[in-house]
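Q: Below you will find the structure I want to go over with you.
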Amino acid sequence: MAAPLVETVGLSKYFKTSGGGLLHAVEDVDLKIYPGRTLGVVGESGCGKSTLGRTVLRLQMPSAGDVLFEGESILKYGRRRMKELHRDMQMIFQDPYSSLDPRMSVYDLVAEPLRELGGRRTSRAELGEQVLGIMEKCGLPRRYANSYPHELDGGRRQRVGLARAMVVNPRFIVCDEPVSALDVSIQAQILNLLMDLQQEHGLAYMFITHDLCVVRHISDDIMVMYMGCVLEYAPKEELFKNPLHPYTRALLSAIPTTDLSRRGRQRHMLSGEVSSPVDPPAGCRFAPRCPYADEGCRVGVRLEEVSPGHLCACRRSREA
Ligand SMILES: Nc1ncnc2c1ncn2[C@@H]1O[C@H](COP(=O)(O)OP(=O)(O)OP(=O)(O)O)[C@@H](O)[C@H]1O
Ligand SMILES: [Mg+2]
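All you need for this note's numbering is the position in the sequence shown, starting with 1, plus 2.
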């Protein structure tokens with residue numbers, strides 16, 4: 003396989019709380035994302051997915067660890083270098099509405115990132131061609147050029163968000179819940195568009211979602227997060243066929259099914275409170291909710307390679 007485009011090593015992000023504690027939003031995350039491939043990041047609300055995405059793009063400085071782009075640490079880059087790098091690394095959000103200036107037309111919204119980055123001087127005609135070209139690629143016919151965000155439905159607004167990311171010709175996009183606010187039929191259209199663009203441009207994605215059906219549709223590899231930590235990391239097929247962590251199993255068994263033959267299967271329901279991410283105790287973060295946890299789990303746990311490419315952070319996965 004090619005070398006990773008984006009890599010993190012021991013990446014952590016902590017926030018000081020008003021009470022003087024330390025909130026562990028992201029803890030010791032190692033990941034690799036390859037050109038043309040998608041890493042799905044899945045987990046419940048508040049587990050640190052967005053913080054991870056922002057830290058990978060250095061929109062937030064990590065508290066510890068490193069972020070590499072093409073094998074080079076980006077943490078020491080100055081402003082200018084970072085600005086250049088943000089041509090290669092873009093982000094799209096759940097709610098494009100709040101990130102789109104309501105006073106700007108679709109055309110100006112899509113042209114803005116290009117104008118901001120400046121660089122090579124482009125003539126008006128060239129700019130127009132680029133903007134309309136990328137709009138079209140993102141499924142926005144040119145008749146929408148003079149529309150405003152409030153005149154568009156959610157799916158088209160997300161297409162504008164995507165066009166704004168694509169117009170600078172990036173190589174890596176963090177997609178933070180980009181379809182979570184959309185109707186299911188529109189979700190599929192946007193996911194398929196993302197996959198078409200990926201194929202055509204060899205893009206790498208980090209795709210953040212709490213929805214396992216979505217992550218299954220789009221990912222090559224999947225990382226399961228819980229309270230800032232990685233609990234399981236595996237190629238998609240392997241994760242769905244052979245989930246090892248009790249938390250992953252609980253997540254998978256909670257997917258609603260229309261398949262009658264699977265209706266009666268055992269469900270691993272989660273009980274217990276999610277503990278606080280502020281000054282968390284040592285050991286497995288999931289232990290307070292885990293039916294298999296024993297004393298050893300509260301002492302410590304390591305993410306280990308169980309089979310080639312399949313990592314799991316559970317001492318008890320065999321028993322489970
Ligand atoms: N700027 C910040 N200051 C303090 N705490 C923060 C900050 N940003 C995030 N957090 C905390 O870090 C933890 C992780 O938040 P994050 O938004 O990354 O989770 P998430 O997995 O994206 O959740 P969701 O699915 O709801 O979007 C949460 O406990 C959150 O309250
Ligand atoms: Mg989030």
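All C-beta atoms in this analysis are idealised placements derived from N, C-alpha and C, irrespective of residue type, glycine included.
On a predicted model such as this, the values are computed, not experimentally measured, just so you know.
Please determine if the segment 12-29 and the segment 289-306 are in contact, where contact requires at least 3 C-beta pairs separated by less than 8 angstroms.
A: no
Q: For the alpha helix (DSSP H) that leucine 7 lies in, which residues bound it at each end?
A: Where leucine 7 is concerned, there is no enclosing alpha helix (DSSP H), given that its DSSP letter is neither H nor E.
Q: Residue ranges of each alpha helix (DSSP H) run of no fewer than 4 residues wholly in the segment 149-219, ordered along the chain?
A: 156-168 and 186-203
Q: Can you have a look at methionine 91 and say buried or exposed, based on whether 16 or more other CB atoms are within 10 angstroms of its CB?
A: buried
Q: From alanine 315 to glycine 23, what does the alpha carbon distance come to, in whole angstroms?
A: 26 angstroms
Q: Check whether the segment 198-213 touches the segment 24-41, counting contact only when three or more Cβ pairs, one atom from each stretch, lie closer than 8 angstroms.
A: yes
Q: Would the beta-carbon of proline 180 be found less than 7 angstroms away from any heavy atom of ligand 1?
A: Outside the cutoff, so no.
Q: For glycine 285, collect the residues of the same chain with a Cβ closer than 7 angstroms to its Cβ; drop the 5 residues on either side in sequence, then sort them by chain order.
A: Beyond the five residues adjoining it in sequence on each side, glycine 285 comes within less than 7 angstroms, by CB distance, of Cys299, Arg300, Val301, Gly302 and Val303 in the same chain, given in chain order.
Q: Just list the residues that DSSP pairs isoleucine 257 with in beta bridges.
A: None; isoleucine 257 has no bridge partner.
Q: Identify, in the order they occur along the chain, each residue of the same chain with its Cβ nearer than 6 angstroms to the Cβ of proline 237, setting aside the five sequence neighbours on each side.
A: Asp223 and Gly311
Q: Report the option in Pro245, Val162, Ser101 and Met63 whose CA atom is closest to the CA atom of tyrosine 109.
A: Val162
Q: Taking tyrosine 99 as the reference, give the member of Tyr79, Arg166 and Leu241 with the closest Cα.
A: Of Tyr79, Arg166 and Leu241, the residue nearest in Cα terms is Arg166.
Q: Just curious, the alpha helix (DSSP H) that histidine 88 is in, first and last residue?
A: 81-90
Q: So leucine 25 packs on valine 280, CB below 8 angstroms; how close in whole Å?
A: 5 angstroms
Q: Roughly how many whole angstroms lie between the Cα atoms of serine 277 and serine 255?
A: 22 angstroms
Q: What's the C-alpha gap between alanine 183 and alanine 252?
A: 24 angstroms
Q: Can you tell me whether lysine 51 sits near ligand 2, meaning its C-beta is under 7 angstroms from at least one heavy atom of the ligand?
A: yes
Q: If you measure from the CB of phenylalanine 95, is any heavy atom of ligand 1 nearer than 7 angstroms?
A: no
Q: Could you give the DSSP three-state label for glycine 67: helix, strand or coil?
A: strand
Q: Between Val11, Lys85 and Met93, which has its C-alpha nearest glycine 73's C-alpha?
A: Val11
Q: Can you say whether aspartate 185 is buried or exposed, counting buried as having 16 or more other CB atoms within 10 angstroms of its CB?
A: exposed
Q: Which two residues bound the contiguous beta strand (DSSP E) that contains tyrosine 235?
A: 231-237 is the extent of the beta strand (DSSP E) around tyrosine 235.
Q: For lysine 85, which residues in the same chain have their Cβ closer than 8 angstroms to its Cβ, ignoring the five residues on either side in sequence?
A: Leu119
Q: According to DSSP, is serine 75 helix, strand or coil?
A: strand
Q: With hydrogens ignored, establish whether the beta-carbon of phenylalanine 174 is closer than 7 angstroms to any heavy atom of ligand 1.
A: no
Q: At 4 residues or longer, and completely inside the segment 98-134: list those alpha helix (DSSP H) runs for me, N to C.
A: 98-101 and 108-119
Q: Have a look at the DSSP bridge pairing and note the partners of lysine 243.
A: Paired residue(s): none; lysine 243 is not in a bridge.
Q: Out of His247, Tyr235, Met229 and Arg287, which one is the CA nearest neighbour of glycine 48?
A: Met229
Q: Quick one: give me the first and last residue of the alpha helix (DSSP H) that serine 19 is part of.
A: Looking at the sequence provided, one finds threonine at residue 19 rather than serine. Per DSSP, threonine 19 belongs to no alpha helix (DSSP H) and is neither H nor E.
Q: Based on Cα-Cα distance, which residue from Leu134, Gly141 and Leu193 lies nearest to alanine 147?
A: Leu134
Q: Quick one: using the 10 Å Cβ neighbour count with 16 as the cut-off for buried, is leucine 77 buried or exposed?
A: exposed
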